[in-house]
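Asker: This is the structure, below, for whatever I ask next.
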Amino acid sequence: MKFTIRFFYSSLLIVVALLIGTLPVLGAIYTISETSSDFFGVSLTNVSALSCNNGNAKATQQATYSTFTASGSWYAYVGTRDWEAFICHNGGSLPAVRYHIVANTGENWYTTVNFENWLGYVDIGNFDNSNTSGRTQMTNQCVTGYACDSYRWIYYDWVRYSTW
Amino acid sequence: MKSKNTLVAGLFVLCLVALLAILVQSRAANKPVSASVDTPTLVARLFNSHNLWKTISGTAAITYYNADGAIQQAFSDQFAYSADGLAAVEVNQIDGAQSARTMTFISDGVTAMQVTWGAGTYVVQSTEHFMQDLTALPASAAQVETRDGFPVIKRHPIAMFSPDPLVDFLFPVGLAQRQGIYKVVGADEVSSRKTTVVEYFWAADDVLPVARYWVDDEIGIILQVHNLDQEKPDRVLGEIMITSLSVDQPIESLIVFPQTDGLTKEN
Chain B
1 MKFTIRFFYS
11 SLLIVVALLI
21 GTLPVLGAIY
31 TISETSSDFF
41 GVSLTNVSAL
51 SCNNGNAKAT
61 QQATYSTFTA
71 SGSWYAYVGT
81 RDWEAFICHN
91 GGSLPAVRYH
101 IVANTGENWY
111 TTVNFENWLG
121 YVDIGNFDNS
131 NTSGRTQMTN
141 QCVTGYACDS
151 YRWIYYDWVR
161 YSTW
Chain H
1 MKSKNTLVAG
11 LFVLCLVALL
21 AILVQSRAAN
31 KPVSASVDTP
41 TLVARLFNSH
51 NLWKTISGTA
61 AITYYNADGA
71 IQQAFSDQFA
81 YSADGLAAVE
91 VNQIDGAQSA
101 RTMTFISDGV
111 TAMQVTWGAG
121 TYVVQSTEHF
131 MQDLTALPAS
141 AAQVETRDGF
151 PVIKRHPIAM
161 FSPDPLVDFL
171 FPVGLAQRQG
181 IYKVVGADEV
191 SSRKTTVVEY
201 FWAADDVLPV
211 ARYWVDDEIG
221 IILQVHNLDQ
231 EKPDRVLGEI
241 MITSLSVDQP
251 IESLIVFPQT
261 DGLTKEN
C-alpha cells in the first residue's frame, strides 16, 4: 500500500515537473515575419522573376565603381533575433552587397553577402536580446575586392526575422 | 625510279607516324586526370572543411573580366585565419604595374576592424552578432533547413563578419548548403597542392555550370574558382586563385589593428 502511494506521488511530481518545464516553451511562440517595404534613397524597380521567392522582387543597378554616380541606400525596418536576407538570383552577374544592420540600442554591424554565390535565405546576423529591434541598410555601392559595374543588378527581396 | 618511289613511300609513312604521334600526345594532354573522390565525398568535405585545419594563411589573385575577355578589375589578397576567429586580410587593387592598398580587415575573435583606405574610413564592430555555436552549422545536406522551397543558408560566422572576397571559398560550409548540383570532373594541382575539380550547376537540368571549383584534397578549402558564363561555354567571368598557402602555422603576429590617425570612423 505504502509503495503504491509513494509510486502515485512520485508519478505526480514527475508530471508536474514536466508541465513546469514545458510551459515557457509553449509560451514562446516562434514566428517568422517579413520586413515592411519601407525604402529610402534610390529608386527601386519592380521585377518579376521565378527565382525570387514569391515571383516578385525589387531591384537596382550597382554604381559604376569609378564614379559612384548612382550611389544610394535603402532601409528595411525589421524585428529581432535571427535575420535572413532572401537572395534572388535572376541570372547574369550579380554584385556583392554590404549590409549595415543597426539596432535601436545603438549596436550595429556589417556583413558582406556576395549575391553571385547564393539563391535562397542567407543568415545575416542576430541580436541576443529578443526585445531589440532595428533596421538593415543596403547600398548599391561597390564592395572592395568584389566584381563591380553598373550592369550588375541588386535584387532586393525579403529580409526576414524571427521572434520568440 | 624504284629508289624514288621508296623515298616517297618512306616520307609518307614518316608523315603518318608523326601525325599519329601528335594525335596521341594531344589526347593524352587533354585527358582529365581522374579524381580520387566521388561527388558525395567531395560535398561532405566542403561541409566539414572548417574542422580540418587550425590556421590558414596565404596569398591570392582575384581577376574579373569584361565581356570581351579583357581584365576589368584585379586585386591581390593576403589572408590569415584561425578556426577560433582570428583574421588578418589585406586587399590591394592592381592596375597594371601599380598596386593600391584598398582594404585591411583584422579580427582578434572578439572585435573586428575594417579600414577602407581609399575612402579613409574605418569600422569597428563586435563579432558577437554572428553565430558563436559552430554545432548549429549543418553537417550534411539533410540538415539544411528549407523554407518555401528555398534553403536557409548558415554561413560560417567568420565568413559572415569578414569582408574578404575569398572568405566563402575558405569557409565553404555555406556553399555546400546550396540546392544546386555539384559534379566532380577531375583532379588537378593548385599551388603544389592536390585538388579535386568540381563543377556547380544552379539546377539539375542546366547544361552549363555556373562555377568550377578546385577543392583542396586535404583540408577542403577552395583553392581556385572560375565563375562561368551560363550563356557561353568556358567563358570565365571571374577568377580567384590561391597562389600560396600555409596550413597550421602560427598567425598571431599578423593580428595587429591598424592606426586610425587621419581616418574617419564610419559607425
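Here the protein sequences come in this chain order: B and H.
According to this note's numbering, the first sequence is numbered sequentially starting from 1.
According to this note's numbering, the second sequence is numbered sequentially starting from 1.
For every residue, glycine included, the Cβ atom is placed at its ideal position computed from N, Cα and C.
#1: Shortest alpha-carbon distance to Ser49 (chain H) belongs to which of H:Asp248, H:Gly220, H:Leu237?
#2: Less than 8 Å between the C-beta atoms of Met160 (chain H) and Phe257 (chain H), yes or no?
#3: Pull up the distance between the alpha-carbon of Gln259 (chain H) and that of Ala119 (chain H), whole angstroms please.
#4: Assuming Thr146 (chain H) and Leu42 (chain H) make a contact with CB atoms under 8 Å, what is their CB distance in whole Å?
#5: List the residues that DSSP assigns as beta-bridge partners of Phe171 (chain H).
#6: At a CB-CB cut-off below 7 Å, which residues of chain B make contact with Gly238 (chain H)?
#7: According to the neighbour-count rule (16 or more other Cβ atoms, all chains shown, within 10 Å of its Cβ), is Val207 (chain H) buried or exposed?
#8: For Thr112 (chain B), return the contacting residues in chain H, with the cut-off set at a CB-CB distance below 7 Å.
#9: Kindly indicate if chain H contains any beta-carbon less than 8 Å away from that of Val47 (chain B).
#10: Establish whether the CB of Thr144 (chain B) and some CB of chain H are separated by less than 8 Å.
#11: To test your reading of the DSSP string, which unbroken alpha helix (DSSP H) runs of 4 or more residues are found completely within the stretch 24 to 84 of chain H?
#12: Write down the C-beta distance between Pro55 (chain H) and Thr264 (chain H) rounded to the nearest angstrom, noting that I regard them as a contact closer than 8 Å.
#13: Using 8 Å as the cut-off, can you tell me whether the stretch 157 to 172 of chain H makes contact with the stretch 189 to 204 of chain H, which would need three or more C-beta pairs spanning the two stretches below that distance?
#14: Does Tyr121 (chain B) have its Cβ less than 8 Å from a Cβ in chain H?
#15: Note down the Cα distance separating Ala147 (chain B) from Gln73 (chain H), rounded to an integer number of angstroms.
#16: Roughly how many whole angstroms lie between the Cα atoms of Gly109 (chain H) and Lys232 (chain H)?
#17: Classify Thr45 (chain B): buried if its beta carbon has 16 or more other beta carbons within 10 angstroms, exposed otherwise.
#18: DSSP three-state label for Gln137 (chain B), please.
#19: Just by C-beta distance, which residues in the stretch 57 to 75 of chain H are closer than 8 Å to chain B?
#20: Would Thr153 (chain B) pass as an interface residue toward chain H - the criterion being a Cβ-Cβ separation below 8 Å?
#21: Could you check how far apart the C-beta atoms of Val225 (chain H) and Ala203 (chain H) are, in whole angstroms? I think they sit under 8 Å.
#22: Measuring only the C-alpha atoms, how far is Val198 (chain H) from Val173 (chain H)?
#23: Just tell me which of H:Gly69, H:Trp53, H:Ser76 has its CA closest to the CA of Phe60 (chain H).
#24: Suppose you measure from the CA of Gly273 (chain H) to the CA of Cys52 (chain B); what does that come to, to the nearest Å?
#25: CB Gln137 (chain B) to CB His89 (chain B), shorter than 8 Å?
#26: Does the beta carbon of Gly55 (chain B) come closer than 8 Å to any beta carbon on chain H?
#27: Report, in whole angstroms, the separation of the C-beta atoms of Ile154 (chain B) and Asn140 (chain B), which I expect to be a contact under 8 Å.
#28: Identify, in the order they occur along the chain, each residue of the same chain with its Cβ nearer than 6 Å to the Cβ of Ser37 (chain B), setting aside the five sequence neighbours on each side.
#29: The ligand FMN heavy atoms versus the CB of Thr146 (chain H): any closer than 7 Å?
#30: Strictly below 8 Å CB to CB, what residues from chain B border Arg155 (chain H)?
#31: What is the rounded straight-line gap between the Cα of Tyr64 (chain H) and the Cα of Thr60 (chain B)?
#32: Quick check: is the beta carbon of Asn51 (chain H) nearer than 8 Å to any beta carbon in chain B?
#33: Where does Ser57 (chain H) land, buried or exposed, given buried means 16+ other C-beta within 10 angstroms?
#34: Could you check the C-alpha separation between Asp168 (chain H) and Ile87 (chain B) for me, to the nearest Å?
#35: Do you know offhand how far Thr243 (chain H)'s Cα is from Thr105 (chain B)'s?
#36: Mind pulling the chain H residues with CB within less than 7 Å of Asn117 (chain B)?
Answerer: From the atom records:
#1: Taking the second sequence and counting its residues from 1, one reaches residue 49 (chain H) at position 49. The option with the nearest alpha carbon to Ser49 (chain H) is H:Gly220.
#2: Walking along the second sequence from the start, residue 160 (chain H) turns up at place 160. Walking along the second sequence from the start, residue 257 (chain H) turns up at place 257. No, Cβ-Cβ distance for Met160 (chain H) and Phe257 (chain H) is not below 8 Å.
#3: One-based indexing of the second sequence puts residue 259 (chain H) at position 259. One-based indexing of the second sequence puts residue 119 (chain H) at position 119. Rounded to the nearest angstrom, the two C-alpha atoms are 15 Å apart.
#4: Against the second sequence, residue 146 (chain H) aligns to sequence position 146. Against the second sequence, residue 42 (chain H) aligns to sequence position 42. Not quite, the Cβ-Cβ distance comes to about 22 Å (not below 8 Å), so this is no contact.
#5: As a position in the second sequence, residue 171 (chain H) is number 171, starting the count at 1. Phe171 (chain H) pairs with nothing; no bridge assigned.
#6: Counting from 1 along the second sequence, the entry for residue 238 (chain H) is found at position 238. Here the neighbours are Ala147.
#7: Your numbering for residue 207 (chain H) matches position 207 in the second sequence. Exposed, because fewer than 16 other Cβ atoms sit within 10 Å of the Cβ of Val207 (chain H).
#8: As a working mapping, residue 112 (chain B) is identified with position 112 in the first sequence. Within chain H, the residues near Thr112 (chain B) are Pro163.
#9: As a working mapping, residue 47 (chain B) is identified with position 47 in the first sequence. Not an interface residue.
#10: By one-based count along the first sequence, residue 144 (chain B) stands at place 144. At least one beta carbon of chain H lies nearer than 8 Å to the beta carbon of Thr144 (chain B).
#11: 39 to 48, all fully within the stretch 24 to 84 of chain H.
#12: Counting from one through the second sequence, the residue named residue 55 (chain H) turns up at place 55. Counting from one through the second sequence, the residue named residue 264 (chain H) turns up at place 264. The amino acid at residue 55 (chain H) is misidentified as Pro; the sequence shows Thr. Not quite, the Cβ-Cβ distance comes to about 32 Å (not below 8 Å), so this is no contact.
#13: With a cut-off of 8 Å on Cβ pairs, the stretch 157 to 172 of chain H is not in contact with the stretch 189 to 204 of chain H, counting fewer than three such pairs.
#14: Position 121 of the first sequence, counted from the first residue, corresponds to residue 121 (chain B). With 8 Å as the cut-off, Tyr121 (chain B) counts as an interface residue toward chain H.
#15: The residue given as residue 147 (chain B) occupies position 147 in the first sequence. The residue given as residue 73 (chain H) occupies position 73 in the second sequence. Approximately 7 Å, taken between the alpha carbons.
#16: Taking the second sequence and counting its residues from 1, one reaches residue 109 (chain H) at position 109. Taking the second sequence and counting its residues from 1, one reaches residue 232 (chain H) at position 232. Between Gly109 (chain H) and Lys232 (chain H), the C-alpha separation is close to 43 Å.
#17: Along the first sequence, one-based indexing puts residue 45 (chain B) at 45. Around the Cβ of Thr45 (chain B), a 10 Å sphere holds fewer than 16 other Cβ atoms; the residue is exposed.
#18: Counted from its first residue, the first sequence places residue 137 (chain B) at position 137. Here Gln137 (chain B) sits in strand by DSSP.
#19: Under the 8 Å Cβ criterion, the stretch 57 to 75 of chain H contributes Ile62, Tyr64, Gln72, Gln73, Phe75.
#20: The residue given as residue 153 (chain B) occupies position 153 in the first sequence. Here residue 153 (chain B) is Trp; the residue named in the question, Thr, does not match the sequence. Taking Cβ atoms only, chain H never reaches closer than 8 Å to Trp153 (chain B), which makes this a no.
#21: Taking the second sequence and counting its residues from 1, the one referred to as residue 225 (chain H) is at position 225. Taking the second sequence and counting its residues from 1, the one referred to as residue 203 (chain H) is at position 203. Not confirmed; about 20 Å, so no contact.
#22: Here residue 198 (chain H) refers to the residue found at position 198 of the second sequence. Here residue 173 (chain H) refers to the residue found at position 173 of the second sequence. C-alpha separation (whole angstroms): 15 Å.
#23: Position 60 of the second sequence holds residue 60 (chain H). The sequence shown places Ala at residue 60 (chain H), not Phe. Nearest C-alpha to Ala60 (chain H): H:Ser76.
#24: With chain H running from 1 to 267 in the structure shown, residue 273 (chain H) is simply not present.
#25: For this step, residue 137 (chain B) is matched to residue 137 along the first sequence. For this step, residue 89 (chain B) is matched to residue 89 along the first sequence. Contact flag unset, no.
#26: For the purposes of this step, residue 55 (chain B) is taken as residue 55 along the first sequence, with counting starting at 1. At a cut-off of 8 Å, the C-beta of Gly55 (chain B) has no neighbouring C-beta in chain H.
#27: Within the first sequence, numbered from 1, the residue matching residue 154 (chain B) stands at position 154. Within the first sequence, numbered from 1, the residue matching residue 140 (chain B) stands at position 140. Indeed, because the Cβ distance is near 6 Å, the residues count as touching under 8 Å.
#28: Start at 1 with the first residue of the first sequence, and residue 37 (chain B) comes out as number 37. Low per-residue confidence applies at Ser37 (chain B): pLDDT is 45, beneath 50, and the placement is therefore not dependable, though the value from the model is reported in the following sentence. Annotation for Ser37 (chain B): no residue places its beta carbon closer than 6 Å to its own, counting only its chain and skipping 5 residues before and after.
#29: Of ligands this structure carries none, so the ligand FMN is not represented either.
#30: Within the second sequence, numbered from 1, the residue matching residue 155 (chain H) stands at position 155. Near Arg155 (chain H) (Cβ distances below 8 Å), the residues of chain B are Val122, Asp123.
#31: Indexing the second sequence from 1 puts residue 64 (chain H) at position 64. Indexing the first sequence from 1 puts residue 60 (chain B) at position 60. One alpha carbon belongs to Tyr64 (chain H), the other to Thr60 (chain B), and they sit about 21 Å apart.
#32: For the purposes of this step, residue 51 (chain H) is taken as residue 51 along the second sequence, with counting starting at 1. Chain B has no Cβ within less than 8 Å of the Cβ of Asn51 (chain H).
#33: Counted from its first residue, the second sequence places residue 57 (chain H) at position 57. Around the CB of Ser57 (chain H), 16 or more other CB atoms lie within 10 Å, so the residue is classed as buried.
#34: As a first step, residue 168 (chain H) is located in the second sequence; it is residue number 168 there, counting from the start. As a first step, residue 87 (chain B) is located in the first sequence; it is residue number 87 there, counting from the start. Rounded to the nearest angstrom, the gap between the Cα atoms of Asp168 (chain H) and Ile87 (chain B) is 15 Å.
#35: Taking the second sequence and counting its residues from 1, the one referred to as residue 243 (chain H) is at position 243. Taking the first sequence and counting its residues from 1, the one referred to as residue 105 (chain B) is at position 105. Roughly 43 Å separates the two Cα atoms.
#36: Taking the first sequence and counting its residues from 1, one reaches residue 117 (chain B) at position 117. Within 7 Å Cβ-Cβ: Asp168, Leu175.
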